[in-house]
Each structure stands twice: as structure tokens, then as C-alpha cells.
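Read the structure below first, then the notes.
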Amino acid sequence: MNDQERLTDFLCSEKKMTANYDTYASECVNVALRDDFLSIFNRSHQTQTELFKMAQSKGWYQVEQAPQNKVSQAYTKFSNQQPTAQ
Numbered sequence: 000m001n002d003q004e005r006l007t008d009f010l011c012s013e014k015k016m017t018a019n020y021d022t023y024a025s026e027c028v029n030v031a032l033r034d035d036f037l038s039i040f041n042r043s044h045q046t047q048t049e050l051f052k053m054a055q056s057k058g059w060y061q062v063e064q065a066p067q068n069k070v071s072q073a074y075t076k077f078s079n080q081q082p083t084a085q
């Protein structure tokens, strides 16, 4: 396994773990335990950001900028939606 594959594996693992921590915190009844999961969740996001920046700096993770008209359409679509209460 080369460095690029290893970094990609680390990044994918962090993404999956962050999703798990989010679920655990959302479904946790114990407040102290929920807070611990949220703390781990935040650290995991920080790690993801560091891994992403490292991969991007090496040219291994390229992200294309969305055209401004697409950004404007998405903003308009979602800013006009009202939350629904049940």
C-alpha cells in the first residue's frame, strides 16, 4: 500500500467513524456519555480536515469549484424551504 492509498484509507475510515459517533450521540440517553461522543465526533472532524488538507496538498484529492449559477440555485432552493414541525 502506498502513501496515497494509506491516506485515502485513513480519510474514509474517519468519515465512517464520524457518522457512527453522530448516530451514537443522537441516540444516547445518558447526557455525559452523549457529550463524550460529541467531543469525539468533533475531534474526528478535525482529523478529517487535516487528512483532507494533506491529501489535497499532495494533489491526491481534487475538488472542483461549483459554477456560481449552481451555487445560487441551491441557495435559493434551500433558503426558501420552511422547517416542518410534527
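Start counting the sequence shown at 0; every next residue gets the next number (numbering that gives the first Met the number 0).
Just so it is clear, CB atoms sit at the ideal spot from N, CA and C, and this is done for glycine as well.
Remember, it's a predicted structure, so these values are computed and weren't measured experimentally.
Check, Outcome
"Which term fits Ser43, buried or exposed, when burial requires 16 or more other beta carbons within 10 angstroms of its beta carbon?", "buried"
"Can the beta-carbon of Glu4 be found closer than 7 Å to that of Thr46?", "no"
"On the criterion of 16 or more Cβ atoms from any shown chain inside 10 Å, does Tyr20 qualify as buried, or is it exposed?", "buried"
"Please classify Asn19: does DSSP put it in a helix, a strand, or coil?", "helix"
"Taking the Cβ atom as the reference point for each residue, do Leu50 and Phe9 lie within a distance shorter than 7 Å?", "yes"
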